[in-house]
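Here is the structure we will look at.
Okay, here's the thing in structure tokens:
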């Protein structure tokens, strides 16, 4: 078997105030996979995400990205390999123009000039936002900002993209447009979400995170149709949604 | 999402003043301000000349006078202070309309009004004819430390986000029957301001996380 893109071995983490969020998470994501991480509020999803690029370092256990351990000395390379799209695009887009924002990451990698321009435009093309390159982010709609946020990560040419609640606050049309963009990308994808239909649509595999451990994993359809499992982890499908009908 | 195009101080246009490079305009403004501040108050013809120069520039820029006039209200606190000066300053007194006023106070107050008005008008003209992003680039060309320029850039970026938040909080207050109408309501406004501060602070932390996630290591790269 090839080296997994993401390899977490019994990762445990407690916040400095003593609150323990993760109790030993084991998780593997292989190249080309699209994996949904599901779980109720407070399950430790965001804490898990922050471990993937070394913002938080595990108290116990290890995180490895394509064979490279997430430790202080590797952080620059780790952050190139793992692209995180945060939930609120206003947090992710902090420069004065879309161009500067998308260029921020590669610039930190030392890329300049024509190569930088090429990568910025290529990333914006992938999310259909190339026409907005010189607009300030705060003049874009929410859906457009989320797409630019995805571009700020794509431009780093990461090995895996991690999205935190990608469909939150999107109207149905923007939600579908984002889904079209994400399915069209040729990258390994992990998304953390409450939006179970979205997980089913985009991710063949799902992982249930509950009380700081991986409580279940398998085919997304199997998980969403296992009523006992769903109930015991406070997961609920929206009213009227039938996974079998998809 | 009905975000207005351009910044609210910026008046979109294509005049020579709009097109001039931002760093020339900033340097011009600073020179103008220094000259105005250094001019002794009794040299009234000099002030008239400054005012005439500004009037020509305003006409050249095509920015409507009422547009600038409305924004001149920021000067109000200075005007109030200037109006107070003749009453509180010491020195020889003169009688004006039956009031005994301090002569140095009158001169100082008058000087303050002239200089402040010229300064505010010139600054508003700069803001109205320069896109905030060009302004930042201009400051950078003038060798303002890049960290300072970056902080100002964040301010420009998040001004709308924070004022939106402020407006939503106001709407939420008013929806629950609260409208600030007298000073007894100020503590509530104060608590809202505190909440806004905490929210902005937390947003700052999240932005920082997003920055280091994209390889930011504290140094500014161009």
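Chains as they are written, first to last, in this note's numbering: chain A, 11 to 256; chain B, 77 to 298.
Every residue gets a Cβ at the ideal spot worked out from N, C-alpha and C, and that includes glycine.
Just so you know, these numbers come straight off a predicted model, no measurement behind them.
Does DSSP put residue i in a helix, in a strand, or in coil?
i, result
"residue 38(A)", "strand"
"residue 118(B)", "coil"
"residue 82(B)", "Per-residue confidence for residue 82(B) stands at a pLDDT of 49, beneath the threshold of 50, marking its modelled position as unreliable; no derived number is given."
"residue 196(A)", "coil"
"residue 72(A)", "strand"
"residue 30(A)", "strand"
"residue 153(A)", "helix"
"residue 19(B)", "For residue 19(B) there is no data in the structure shown, the boundaries of chain B being 77 and 298."
"residue 16(A)", "strand"
"residue 257(B)", "coil"
"residue 165(B)", "coil"
"residue 137(A)", "coil"
"residue 23(A)", "strand"
"residue 3(A)", "In the structure displayed, chain A extends from 11 to 256; residue 3(A) sits before or after that span and is not available."
"residue 127(A)", "helix"
"residue 240(B)", "helix"
"residue 106(B)", "helix"
"residue 111(B)", "helix"
"residue 227(B)", "helix"
"residue 172(A)", "strand"
"residue 134(B)", "helix"
"residue 180(A)", "coil"
"residue 87(B)", "coil"
"residue 146(A)", "coil"
"residue 245(B)", "helix"
I'd like to know if residue i contacts chain A, where contact means its C-beta is closer than 9 Å to some C-beta of that chain.
i, result
"residue 245(B)", "no"
"residue 102(B)", "no"
"residue 292(B)", "yes"
"residue 202(B)", "no"
"residue 186(B)", "no"
"residue 212(B)", "yes"
"residue 283(B)", "yes"
"residue 79(B)", "Because residue 79(B) carries a pLDDT of 38, less than 50, the predicted location of this residue cannot be relied on, and the following value inherits that uncertainty. Chain A contact via Cβ: present."
"residue 93(B)", "no"
If we define contact as Cβ-Cβ less than 9 Å, is residue i a contact residue for chain B?
i, result
"residue 200(A)", "no"
"residue 20(A)", "no"
"residue 94(A)", "yes"
"residue 166(A)", "yes"
"residue 185(A)", "no"
"residue 162(A)", "yes"
"residue 137(A)", "no"
Taking Cβ-Cβ distances shorter than 9 Å, what residues in chain A pair up with residue i?
i, result
"residue 279(B)", "98, 100, 101"
"residue 273(B)", "Going along chain A, no residue has its Cβ under 9 Å from residue 273(B), so there is no contact; the nearest lies around 17 Å."
Taking Cβ-Cβ distances shorter than 8 Å, what residues in chain A pair up with residue i?
i, result
"residue 287(B)", "104, 114"
"residue 209(B)", "106, 107, 146"
"residue 232(B)", "106"
"residue 229(B)", "105, 106"
At 7 Å on the CB atoms, spell out the chain A contacts of residue i, in chain order.
i, result
"residue 237(B)", "100, 148"
Identify the contact partners of residue i in chain B, using a Cβ-Cβ distance below 7 Å as the criterion.
i, result
"residue 119(A)", "291"
"residue 90(A)", "291"
Residues of chain C with CB closer than 7 Å to the CB of residue i, please, in chain order.
i, result
"residue 217(B)", "This model lacks chain C altogether, as its protein chains are A and B."
What residues from chain B crowd round residue i, counting only those whose CB sits closer than 9 Å?
i, result
"residue 86(A)", "291, 293"
Taking 8 Å as the cut-off, is the CB of residue i close to at least one heavy atom of the ligand NAD?
i, result
"residue 129(A)", "Within the structure as shown, the ligand NAD is missing, as the structure has no ligands at all."
Cβ-based contacts, 7 Å cut-off: residues of the segment 49–70 of chain A near chain B: 63, 65
Contained alpha helix (DSSP H) runs [length at least 4] in the segment 185–250 of chain A, N- to C-terminal order: 206–212, 230–234, 237–242
Ranges of the alpha helix (DSSP H) found wholly within the segment 37–115 of chain A, counting only runs of at least 4: 55–62, 85–91, 99–102
Contiguous alpha helix (DSSP H) assignments of at least 4 residues, all confined to the segment 169–223 of chain B: 179–205, 208–217
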